[in-house]
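A.B. asks: This is the structure, below, for whatever I ask next.
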Amino acid sequence: MSATVTAPAGGSASGTTTEHTPVHNVTFFRLLRSEWIKLWTLRSTWWTLGSTVVIMAGFALMMAVVVQFLTDQMSDVEMAPGEQASMNSMLGAPTVIAGGYEFAGLVVAVLGAMVITGEYSTGMIRSTFAAAPGRLGAFAAKATVLAAVTAVLTTVSLGLGWLISYPILNANDMTLDWSNGDDVRKLYGVVIYTVLVALFALGIGALLRHTAGAIFTAVAVFLVIPFIFNIVVAFASSLDWVLDVNKFLPSVAGSAITPSGAQVPEVLDPWVGISVLGAYTLVVVVAGALRLKFDDA
Amino acid sequence: MIEARGLMKRYGAKTAVNDVTFTVQPGQVTGFLGPNGAGKSTTMRMIMGLDRPTAGSVTVNGKPYTAHRRPLAEVGALLDAKAVHTGRTARNHLLAMAATHGIATRRVDEVIDLTGLQSVASKRVGGFSLGMGQRLGIAAALLGDPRTLILDEPVNGLDPEGVLWVRNIAKYLASEGRTVFLSSHLMSEVALTADHVIVIGRGRILADAPVAEFVDGAARKTVRVRSPQATELAELLKAKNAEVEDVEPGLLQVRGADASAVGELAAASRIVLHELTPVASTLEEAYMSLTADSVEYQSEDLAAVAAATSHNEGSKA
């Protein structure tokens, strides 16, 4: 019974037995390894992660050029120190470095959704659950790998953005001030934001089990709805309820911690805002986990 | 060893598996036979903990599948050939599966060799033929060197050489003392591979017996008798404990008496016979008659369909 099956090749049943195949208990660490392999052995991962880096770095360069352009124009005009400061807050180093984070967030959402919907649409999920019949362990491993990869990738992208924009920012005396707690927080806030967006999309994916549906939902939540509210707020900023709803939207609340947080008329405190997005994410992920655990695969 | 007790699965108003109880013993190949839609795949998914039974329970090697700590060492399953991400290569799929149980890369290459996938191991699964997909599914099933194998329609899409290979490997694994549970909708396939057969139709177990016994019991011989005095002959045969069926006036189908016995009886009673034909029903016919009432998708009478079609064409012209 313990002998390993090998080699009745072709039409012959003359199997030979070799030494015992060591098979170990399923542990969370082994599930992490499996999910790690699964993530990197799909081309879609390389495409989504590659485009995230390109978008982030590209936006940083573009924003730096915009800064240069504005400075060139302003240099003819005498500016009061106060005005200079307000421009810096609008277009400071964090805004430049993390310029593309909202788009990067969308790409990461696509990855987060596909990590799970790709398994449901291809039938792979049955292999996954055959190996990890408890299901939640595999899902937790997926979430952990996704969150870690997103965090590292966003950090690398920000670093790249910093490097690319450095020459232009330096020439305009606008480089990132590492001693300014708010500016540094805005940057790691971007990391927290993209990680939460990826996990949110993973939860949606587990709930819907459908790639197109999950991506559509994530895009609606993080792009379309805030876009519509942006217009509504512009025209109806006197309505309190519009502002209230707007600031509690997942994307608006979550971006309070990022460089774009200060640019919205009414916004939550950075840490309150990101906690609100964290709470939404938790609800969606738990709902997705329950469906994944208790519904037929 | 697989033990199902009162297993039931309902999807809305439809009952896919209805109060199914059976035991699959180690050391032999057990065929799971039934028409398409009979509940074979649903039963196998419930064994694997993928579908939740509406009622009843099933254990593998003494425990529910989900309670095992090394599930791939307990059960290797080929549930359908496409339980693989199409964007991943065959080898990477196996590596990811192996990682969950800390199975060495050497074993991954071993099952690739064993299933003859060497030439396509580094190709993405999306481009695989059905046969290659089946081989990959079997490779994944063997990965953890499991004590129990569950193979859902394993010969689907395989070429004759592949079919033979599956038969041999199933028998070989059983000979090592493993439990092999293999489904098919083809009686002939089960007759060639299995030692024991469980027949399912419309979600119910119709037979559970050694293949030899099932074959003997099912493939009983009948005799066709045509006679102008059929009614009279039928009475005489029934008196001799034979089973008689009136096919049409003047034509009888007799079970439980062979042609010579019927001929002698007719001669002794001065009954004229126009025809006396021994009819041996095939295994396939036996299976068909067993599951006739439980086929999910009845094909229509071809002649009737053809007639209707030609009629329609005629009226159009």
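Sequence order for the protein chains is A and B. In case it helps, this note's numbering puts the first sequence at residues 127 to 423. In case it helps, this note's numbering puts the second sequence at residues 4 to 320. Beta carbons are placed, not taken as given, at the ideal position from N, Cα and C, and that holds for glycine.
Mind checking the segment 262-282 of chain B against chain A and listing, in chain order, the residues whose C-beta falls within less than 9 Å of any C-beta there?
C.D. replies: none
A.B. asks: With a 10 Å radius around its C-beta and 16 neighbouring C-beta atoms as the bar for buried, classify Ser363 of chain A as buried or exposed.
C.D. replies: Counting Cβ neighbours within 10 Å, Ser363 of chain A comes out exposed, since fewer than 16 surround it.
A.B. asks: Under 8 Å Cβ-Cβ, which residues of chain B neighbour Arg169 of chain A?
C.D. replies: Gly90
A.B. asks: Applying a beta-carbon distance threshold of less than 8 Å, which residues of chain B neighbour His150 of chain A?
C.D. replies: Listed by position along chain B, the residues whose Cβ is nearer than 8 Å to that of His150 of chain A are Arg73, His104, Gly105, Ile106.
A.B. asks: Leu157 of chain A touches chain B at which residues, Cβ-Cβ below 7 Å?
C.D. replies: Thr103
A.B. asks: Please list, in chain order, the residues of the segment 142-155 of chain B that have any C-beta partner in chain A closer than 8 Å.
C.D. replies: Ala143, Leu145, Gly147, Asp148, Arg150
A.B. asks: In angstroms with no decimal places, state the Cα-to-Cα distance between Leu349 of chain A and Leu232 of chain A.
C.D. replies: 8 Å
A.B. asks: Hey, is Gly137 of chain A's beta-carbon within less than 9 Å of any beta-carbon in chain B?
C.D. replies: Here Gly137 of chain A scores only 37 on pLDDT, less than 50, and its place in the model should not be relied on; the value that follows carries that caveat. Closer than 9 Å to some Cβ of chain B, the Cβ of Gly137 of chain A qualifies, so yes.
A.B. asks: Can you list, in chain order, the residues of the segment 231-254 of chain A whose Cβ is nearer than 7 Å to any Cβ on chain B?
C.D. replies: Gly244, Glu245, Thr248, Gly249, Met250, Arg252, Ser253
A.B. asks: Apart from the five residues on each side of it in sequence, which residues of its chain come closer than 8 Å, Cβ to Cβ, to Ile115 of chain B?
C.D. replies: Ala93, Arg94, Leu97, Gln121, Ala124, Ala142
A.B. asks: With DSSP run on the structure shown, which of helix, strand or coil describes Ala135 of chain A?
C.D. replies: With a pLDDT of only 42 at Ala135 of chain A, under 50, the local geometry of the prediction cannot be trusted, and the value read off the model is given with reservation. Residue state, collapsed to three classes: coil.
A.B. asks: Measure the Cβ-Cβ separation of Met4 of chain B and Ala257 of chain A and say whether it is below 9 Å.
C.D. replies: no
A.B. asks: Would you mind working out which of A:Pro396, A:Leu334, A:Val409, A:Ala183 sits nearest Thr281 of chain A, comparing C-alpha positions?
C.D. replies: A:Ala183
A.B. asks: Under 9 Å between the Cβ atoms of Leu272 of chain A and Leu333 of chain A?
C.D. replies: no
A.B. asks: Does the Cβ of Val20 of chain B have 16 or more other Cβ atoms within 10 Å, making it buried, or fewer, making it exposed?
C.D. replies: Counting of Cβ neighbours within 10 angstroms places Val20 of chain B among the buried residues, the total reaching 16 or more.
A.B. asks: Please confirm whether Ser160 of chain A has its beta-carbon closer than 9 Å to some beta-carbon of chain B.
C.D. replies: yes
A.B. asks: Compute the Euclidean distance between the alpha carbons of Met200 of chain A and Thr254 of chain A, then round it to the nearest angstrom.
C.D. replies: 59 Å
A.B. asks: Give me the residue from A:Pro220, A:Pro259, A:Thr337, A:Arg335 with the minimum Cα distance to Asn306 of chain A.
C.D. replies: A:Pro220
A.B. asks: Looking only at C-alpha atoms, which of A:Gly287, A:Leu403, A:Gly329 sits nearest to Gly225 of chain A?
C.D. replies: A:Gly287
A.B. asks: From Val323 of chain A to His188 of chain B, what does the alpha carbon distance come to, in whole angstroms?
C.D. replies: 47 Å
A.B. asks: Should Arg72 of chain B be labelled buried (16 or more other beta-carbon atoms within 10 Å of its own) or exposed?
C.D. replies: Exposed, by the Cβ-count rule.
A.B. asks: Grab the span of the beta strand (DSSP E) containing Thr151 of chain B for me, first residue to last.
C.D. replies: 151-155
A.B. asks: Answer with yes or no whether the minimum CB distance from Ala320 of chain B to chain A is below 9 Å.
C.D. replies: Note that Ala320 of chain B scores 36 on pLDDT, short of 50, meaning its location in the model is unreliable and no value can be drawn from it.
A.B. asks: Start and end of the alpha helix (DSSP H) containing Thr197 of chain A?
C.D. replies: 169-200
A.B. asks: Less than 9 Å separating the beta-carbons of Val183 of chain B and Tyr290 of chain B?
C.D. replies: Taking 9 Å as the cut-off, the Cβ atoms of Val183 of chain B and Tyr290 of chain B do not count as close.
A.B. asks: Helix, strand or coil for Asn171 of chain B? Go by DSSP, reduced to three states.
C.D. replies: helix
A.B. asks: Within 9 Å of any Cβ in chain D, is that where the Cβ of Lys164 of chain A sits?
C.D. replies: No chain D is present in this structure, whose protein chains are A and B.
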